[in-house]
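**Q** Adding 1454 to a residue's 1-based position in the sequence shown gives its number in this note's numbering. Here it is, the structure, as structure tokens.
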Amino acid sequence: MRKLAEHNIPLREASITQVHSVLRDGNPLIVHTSMFANALASLANPKQQQQWVPLAEKNRIIGTYAQTEIGHGTFVRGLETTAIFDPETKEFVLHSPTITSTKWWPGGLGKTANAAIVMAQLYTQGKCYGPHPFFVQLRDFDTHHSLPGVILGEIGPRLGINSQDNGYLRFDHYRIPRTNMLMRHSQVLEDGSYVKPIHNKLSYGTMVWTRVAIVHSCSKKLACAVTIATRYSAVRHQSELVPGKPEPQILEYQTQQYKLLPHIASVFAILFSASSVLRMQRNVAASISKGNVELLPELHILSCAMKALSSQDSTQGIETCRLACGGHGYIASSGLPSLYTSTTCTITYEGENTVLLLQVARYLIKSYRAGLEGLPVLPSVMYLTAPSAMHQSPPLSNQALIEAFRISSANLVKETESRLCRQFNLEQNFHYAWNRCSVALVHCAELHSRYYMCEKFLSTVESIRASDRVRSVLQDLCRLYLIHHITLNQGHFLRSGTLSGVDLSTLEEEMYELLAKLRPQAVPLVDAFDFRDELLGSTLGAWDGRVYERLYEEAQKSPLNKTDVSKAYHKYLQPLMKSNL
Ligand SMILES: CCCCCCCCCCCCCCCCCCCCCC(=O)SCCNC(=O)CCNC(=O)[C@H](O)C(C)(C)COP(=O)(O)OP(=O)(O)OC[C@H]1O[C@@H](n2cnc3c(N)ncnc32)[C@H](O)[C@@H]1OP(=O)(O)O
Ligand SMILES: Cc1cc2nc3c(=O)[nH]c(=O)nc-3n(C[C@H](O)[C@H](O)[C@H](O)COP(=O)(O)OP(=O)(O)OC[C@H]3O[C@@H](n4cnc5c(N)ncnc54)[C@H](O)[C@@H]3O)c2cc1C
């Protein structure tokens, strides 16, 4: 915090990499500075903001976002914590009626936070209105002791981010004032009557905001990993490429280029998509404050799609980078293990990816059906019923590849929708039929999302202001990205007839040429991400390439190296050696 202040970086603007450089195993304040702050900004009314925001900004209040319960994370409508309005005292009574209603997972809840935005089922005048957000004080603001009626703790060690003190929370008929319900969008008046919001998913707004933030953070984490692995691959020499010749840099091996270059491209693809979703989010936020919620569904779907794709791509990319560093990728000081453990959780949190992709699929099917009926659909999915013809662009040009994506995606949605209809005729129940088609539905969502990301990459590269040489490298990188993802999804292109077997072989050839062409650009490209050594925190990825010296120096810091003979020798090993066991 002091470092950020010294450098005049407001906490909320600190980048994920700046924070990761200090707190490699998780950040106990991240939910405070991201979700809690956003929930106050977007769900609290102006009076409530006046009351809590200054305190949160001064870190008098440290908050978390307590939604998930031990029994339900995905199914928000199934939450069990209740907030029942008591008109006598004008208070809400928060209660955890079952073991499964225990709040479980919120970051910083275990030991750090003294307050939370709690999502609970709102009851008033005997009726349940579904999950709503409440500002809840959990600990005494001076002594930090948990308050009576609040049962709190930490959930125990996890795969990673263990400094984040994810916690649990139960309420025992805990009372809060009526005015602690976040009332920007919906309200409970003094007499207990309920005023509904202009859109019934506005209370999910903090999740949407965080999904967008996650996309951005995924590109940063992947950028760190490819920087480490690429620099290391330029330093590391191994084996013989030509018998009897000196050992080459491992970056000379085509297989190594194939491991790294598509993920360098992916950093840009995710970043450009993140910028586009962020722009849309700002527009939607401005519209909502004017009472217009027309674009909210589109933002919800796009943020689900991009969060799912970017978390999956960055996690796989970081793991590939780790493997690309051989044994040294497994050592903590490489920086890669903590990048992996702090990224793989993005697949699960803020909406498990399969679940988010099914939200996207639902939207695709609905939009496809609406399009067939001539009803209006939003711009991003108009192509489903009106995919443009292929022959308009030169064969295998970038534009033709984007068109092939578009048509294959539309084709898959069409096929899946037919399957859904057939299944519905058999089952006579939409929900069973949906479940029977859900693997295909997820594939639809993935292909649509990939199409979006490819399209954003290409349109950004085409419009970017840069020197010819920089633009040319970015164009090659973008081309590599398009071809790489076409080869990974070739079945869809063959099925839609947009690309033939011969086309795919031609594209594959081009991909191998691009790997060789981009090889000299690999190190400059990652250098251009401009991460300071302190920020990367990697023995393998430092700018000066002193990999072996740094590995050796780091090993000296191991506590086991403080003495030549460890205590364990005297305590366990020596007795064992002498015991003749
Ligand atoms: C030194 C320190 C310095 C510090 C510096 C700091 C540096 C800062 C660095 C910055 C980096 C920051 C990184 C952040 C990391 C933060 C960590 C995050 C941790 C993780 C937090 C969490 O993990 S927190 C919990 C998230 N938990 C979920 O994520 C549940 C998913 N589950 C659902 O989200 C719902 O359950 C689900 C599925 C939608 C169904 O919801 P449901 O059942 O109510 O609705 P249905 O499915 O029935 O859908 C009915 C109709 O609603 C439509 N709809 C649904 N949602 C909608 C919506 N939001 N908006 C509009 N429309 C929506 C839908 O499209 C349908 O539309 P239609 O009817 O037209 O088809
Ligand atoms: C590191 C970390 C930090 C977190 N921080 C917070 C926090 O700060 N605040 C907070 O409130 N929560 C937090 N969470 C909780 C997180 O949001 C949930 O874990 C997440 O939403 C997934 O829910 P779940 O755990 O119930 O998984 P489940 O929904 O039980 O998922 C298990 C499996 O069931 C499948 N599944 C579930 N529903 C469906 C469906 N409808 N269709 C098909 N498949 C389905 C999933 O795809 C998955 O394969 C955090 C979690 C982690 C791991």
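A virtual CB, placed ideally from N, CA and C, is assigned to each residue, including glycine.
1. One question on the structure: do Ile1918 and Gly1789 come within less than 9 Å of each other, judged by their Cβ atoms?
2. When every heavy atom of ligand 2 is checked, does at least one fall within less than 8 Å of the C-beta of Asn1568?
3. Which of the three DSSP states, helix, strand or coil, is assigned to Leu2005?
4. List the whole-angstrom C-beta distance separating Ile1718 from Val1680, where the pair is believed to meet the contact cut-off of C-beta under 8 Å.
5. Using a 10 Å radius around the Cβ and a threshold of 16 neighbouring Cβ atoms, would you call Ala1574 buried or exposed?
6. If distances are taken between C-alpha atoms only, which option among Thr1952, Leu1880 and Thr1798 comes closest to Gln1853?
7. Using only the alpha-carbon positions, how far apart do Lys1675 and Thr1471 sit?
8. Does the region 1658 to 1670 touch the region 1708 to 1715, meaning 3 or more C-beta pairs lie closer than 8 Å?
9. Candidates Leu2035, Tyr2026 and Leu1497: which alpha carbon is nearest Met1635's?
10. Count the CB pairs spanning the region 1974 to 1987 and the region 1884 to 1902 that are closer than 8 Å, and state whether there are at least three.
11. Alpha carbon to alpha carbon, what distance is there between Leu1756 and Gln1735?
12. Report the option in Gln2010, Asp1594, Cys1932 and Pro1700 whose CA atom is closest to the CA atom of Ser1851.
13. My output table needs one value for Val1642: the three-state DSSP class, helix, strand or coil.
14. Using the three-state DSSP reduction, which class does His1586 fall into: helix, strand or coil?
15. Assuming Leu1928 contacts Val1915 under a Cβ cut-off of 8 Å, what Cβ separation, rounded to an integer in Å, is found between them?
16. Please state if the CB of Asp1479 and the CB of Ser1671 are separated by a distance shorter than 9 Å.
17. Are the CB atoms of Ala1520 and Ile1571 nearer to each other than 9 Å?
18. I need the DSSP call for Tyr1577, collapsed to helix, strand or coil.
19. Within the chosen definition, does the region 1636 to 1653 reach the region 1535 to 1547 through at least 3 CB pairs nearer than 8 Å?
20. Any idea what DSSP makes of Met1661, helix, strand or coil?
21. Out of Leu1810, Thr1802, Leu1705 and Ile1742, point me to the one whose CA is closest to Cys1775's CA.
22. Buried or exposed: which applies to Tyr1784, given that a residue is buried once 16 or more other Cβ atoms fall within 10 Å of its Cβ?
23. State whether the region 1791 to 1811 contacts the region 1863 to 1880, with contact taken as three or more CB pairs (one from each stretch) at a distance under 8 Å.
24. Output yes or no for whether 9 Å exceeds the beta carbon distance between Val1485 and Pro1560.
25. Helix, strand or coil: how does DSSP classify Ile1724 here?
26. Here's the rule: buried if 16 or more other CB atoms are within 10 angstroms of the residue's CB, otherwise exposed. What is Arg1638?
27. Along the beta strand (DSSP E) that carries Ala1510, what are the first and last residues, could you check?
28. Please identify the residue among Asn1889, Lys2016, Ile1861 and Leu1855 whose C-alpha is closest to the C-alpha of Phe1911.
29. Out of Met1455, Cys1678, Phe1983 and Met1489, state which residue places its alpha-carbon closest to the alpha-carbon of Pro1791.
30. Buried or exposed: where does Cys1758 fall if 16 or more other Cβ atoms within 10 Å of its Cβ makes it buried?
31. Please state the DSSP three-state secondary structure of Ala1570.
32. According to DSSP, simplified to helix, strand and coil, what is Val1604?
33. Could you spell out the range, first to last residue, of the beta strand (DSSP E) harbouring Asp1998?
34. What residue does the alpha helix (DSSP H) around His1897 start on, and which one ends it?
35. What is the DSSP secondary structure of Ala2055, counted as helix, strand or coil?
36. Let me check you understand the geometry: is the CB of Pro1464 closer than 8 Å to at least one non-hydrogen atom of ligand 2?
**A** Taking the definition as stated:
1. The residue given as residue 1918 occupies position 464 in the sequence shown. The residue given as residue 1789 occupies position 335 in the sequence shown. Contact flag unset, no.
2. What you label residue 1568 is simply residue 114 of the sequence shown in a count that begins at 1. False, no ligand heavy atom lies under 8 Å from that Cβ.
3. Here residue 2005 is taken as the residue at index 551 of the sequence shown, counted from 1. In this structure, Leu2005 counts as helix in the three-state DSSP scheme.
4. Walking along the sequence shown from the start, residue 1718 turns up at place 264. Walking along the sequence shown from the start, residue 1680 turns up at place 226. The pair is a contact, with the Cβ atoms about 5 Å apart (cut-off 8 Å).
5. Residue numbering aside, residue 1574 sits at position 120 when the sequence shown is read from its first letter. Buried, since its Cβ has 16 or more Cβ neighbours within 10 Å.
6. Numbered from 1 along the sequence shown, position 399 holds the residue referred to as residue 1853. Of the listed residues, the one whose Cα sits closest to Gln1853 is Thr1952.
7. Walking along the sequence shown from the start, residue 1675 turns up at place 221. Walking along the sequence shown from the start, residue 1471 turns up at place 17. Approximately 7 Å, taken between the alpha carbons.
8. no
9. Translated into the one-based positions of the sequence shown, residue 1635 becomes position 181. Considering only alpha carbons, the answer is Leu1497.
10. no
11. Your numbering for residue 1735 matches position 281 in the sequence shown. Your numbering for residue 1756 matches position 302 in the sequence shown. Going by the C-alpha atoms only, they are around 10 Å apart.
12. Along the sequence shown, read from residue 1 onward, the residue named residue 1851 stands at position 397. Ser1851 has its Cα closest to that of Cys1932, out of Gln2010, Asp1594, Cys1932 and Pro1700.
13. In the sequence shown, counting from the first residue as 1, residue 1642 sits at position 188. Here Val1642 sits in strand by DSSP.
14. For the purposes of this step, residue 1586 is taken as residue 132 along the sequence shown, with counting starting at 1. Of the three classes helix, strand and coil, the one that applies to His1586 here is strand, per DSSP.
15. The residue you call residue 1928 lines up with position 474 of the sequence shown. The residue you call residue 1915 lines up with position 461 of the sequence shown. Indeed they touch by this definition, with Cβ atoms about 5 Å apart.
16. In the sequence shown, the residue the question calls residue 1671 occupies position 217. In the sequence shown, the residue the question calls residue 1479 occupies position 25. Going by C-beta atoms, Ser1671 is not nearer than 9 Å to Asp1479.
17. Counted from its first residue, the sequence shown places residue 1520 at position 66. Counted from its first residue, the sequence shown places residue 1571 at position 117. Yes; because the gap between Cβ atoms is below 9 Å, this pair is in contact.
18. Indexing the sequence shown from 1 puts residue 1577 at position 123. Strand.
19. yes
20. Taking the sequence shown and counting its residues from 1, one reaches residue 1661 at position 207. Three-state DSSP puts Met1661 in a helix.
21. What you label residue 1775 is simply residue 321 of the sequence shown in a count that begins at 1. Measuring from the Cα of Cys1775, the nearest candidate turns out to be Leu1705.
22. Position 330 of the sequence shown holds residue 1784. By the 10 Å Cβ count, Tyr1784 comes out exposed.
23. no
24. For the purposes of this step, residue 1485 is taken as the residue at position 31 of the sequence shown. For the purposes of this step, residue 1560 is taken as the residue at position 106 of the sequence shown. Going by C-beta atoms, Val1485 is nearer than 9 Å to Pro1560.
25. Counting from 1 along the sequence shown, the entry for residue 1724 is found at position 270. The answer is helix: DSSP assigns Ile1724 an H, G or I state.
26. For this step, residue 1638 is matched to residue 184 along the sequence shown. The residue in question, Arg1638, is buried, as its Cβ has 16 or more Cβ neighbours within 10 Å.
27. One-based indexing of the sequence shown puts residue 1510 at position 56. Where Ala1510 is concerned, there is no enclosing beta strand (DSSP E), although the alpha helix (DSSP H) it sits in stretches over Pro1500 to Glu1511.
28. For the purposes of this step, residue 1911 is taken as the residue at position 457 of the sequence shown. Checking every option, the nearest Cα to that of Phe1911 belongs to Leu1855.
29. By 1-based counting over the sequence shown, the position of residue 1791 is 337. The shortest Cα separation from Pro1791 among Met1455, Cys1678, Phe1983 and Met1489 belongs to Cys1678.
30. On the sequence shown, position 304 is the one that residue 1758 refers to. By the neighbour-count rule (16 or more Cβ atoms within 10 Å), Cys1758 is buried.
31. By 1-based counting over the sequence shown, the position of residue 1570 is 116. Strand.
32. Indexing the sequence shown from 1 puts residue 1604 at position 150. Reduced to three states, the DSSP call for Val1604 is strand.
33. Sequence index remark: in the sequence shown, residue 1998 carries index 544 (1-based). No beta strand (DSSP E) holds Asp1998; DSSP gives it neither H nor E.
34. Along the sequence shown, read from residue 1 onward, the residue named residue 1897 stands at position 443. Where His1897 is concerned, the enclosing alpha helix (DSSP H) stretches over Ser1892 to Ser1917.
35. No information on residue 2055 is available, as it lies outside the stretch 1455 to 2035 that the chain covers here.
36. Position 10 of the sequence shown, counting from 1, holds the residue named residue 1464. Incorrect: Pro1464 has no Cβ contact closer than 8 Å to ligand 2.
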